[in-house]
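Residue numbers (numbering that gives the first Met the number 0): 0 to 128.
All C-beta atoms, glycine included, are put in the ideal place defined by N, C-alpha and C.
The model shown is predicted, which means the values in this text are computed figures rather than measured ones.
What follows is a short report on a single structure.
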Amino acid sequence: MLLAPALIMSISYSHDMATALLAASGAGLWMLDRRYPDAPTPGAELFFTRVFHGITRLAKYSLIWIVAAGVPRILFYRDYEWADAAGDLQVIAIIIKHIVMFLIVGTGLFYWAKLGRKARELKLKQGMI
Ligand code: HEM
0 MLLAPALIMS ISYSHDMATA LLAASGAGLW MLDRRYPDAP TPGAELFFTR VFHGITRLAK
60 YSLIWIVAAG VPRILFYRDY EWADAAGDLQ VIAIIIKHIV MFLIVGTGLF YWAKLGRKAR
120 ELKLKQGMI
């Protein structure tokens, strides 16, 4: 039965796609912040809070998806992705890659929280909360 392995591999690879989506939402947040004017109009403030809210939702779903798809990936890694030529060294490579990933995601979360405070202040001002 080929369906189960194909499904498992698709879910495993979707871990990478979700990472790309998280990276894209980080880039979106960064651009939103960089393009934010020094003296914003009420329209620009509203635009900021709405887009921030939308991107935040996308980033949260991507993160949940990354962790969820990471579980079958690690469970079935030996069955479908293990490279004999690389041997045990690939385990070290996976750990190093993930340390780098966690550092990047951590930096993103810090930046996200910073922008979140700005969005909250604006929402308070706009009477949205
Ligand atoms: C913020 C969290 C994470 C990010 C951004 C992330 C990102 C990535 C990326 C980009 C790859 C592909 C690397 C490559 O093909 O060279 C990968 C592979 C992998 N991830 Fe994650 N990952 C995260 C969390 C997790 C978690 C929680 C697990 C396990 C429960 C996991 C298990 C794996 C496995 C088994 C692989 C395949 C090995 C490899 O190709 O390096 N990941 N991850």
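DSSP-derived helix/strand/coil call for residue i
{"i": "tyrosine 12", "result": "helix"}
{"i": "alanine 1", "result": "Correcting the residue identity first, residue 1 is leucine in this sequence and not alanine. Three-state DSSP puts leucine 1 in coil, outside helix and strand."}
{"i": "glycine 107", "result": "helix"}
{"i": "aspartate 37", "result": "coil"}
Closer than 8 Å: residue i CB and nearest ligand 1 heavy atom
{"i": "serine 11", "result": "yes"}
{"i": "threonine 106", "result": "no"}
{"i": "tyrosine 76", "result": "yes"}
{"i": "glycine 69", "result": "yes"}
{"i": "aspartate 87", "result": "no"}
{"i": "alanine 92", "result": "yes"}
Cβ-based burial, residue i [other Cβ within 10 Å; buried from 16]
{"i": "serine 9", "result": "exposed"}
{"i": "alanine 58", "result": "buried"}
{"i": "glycine 25", "result": "buried"}
{"i": "isoleucine 105", "result": "It is worth fixing the name first, because residue 105 is glycine in this sequence and not isoleucine. Counting Cβ neighbours within 10 Å, glycine 105 comes out exposed, since fewer than 16 surround it."}
{"i": "phenylalanine 51", "result": "buried"}
{"i": "threonine 48", "result": "buried"}
{"i": "isoleucine 73", "result": "exposed"}
Unbroken alpha helix (DSSP H) run spanning residue i, endpoints
{"i": "glycine 86", "result": "Segment: none, glycine 86 is in no alpha helix (DSSP H) and carries neither H nor E."}
{"i": "glycine 42", "result": "41-79"}
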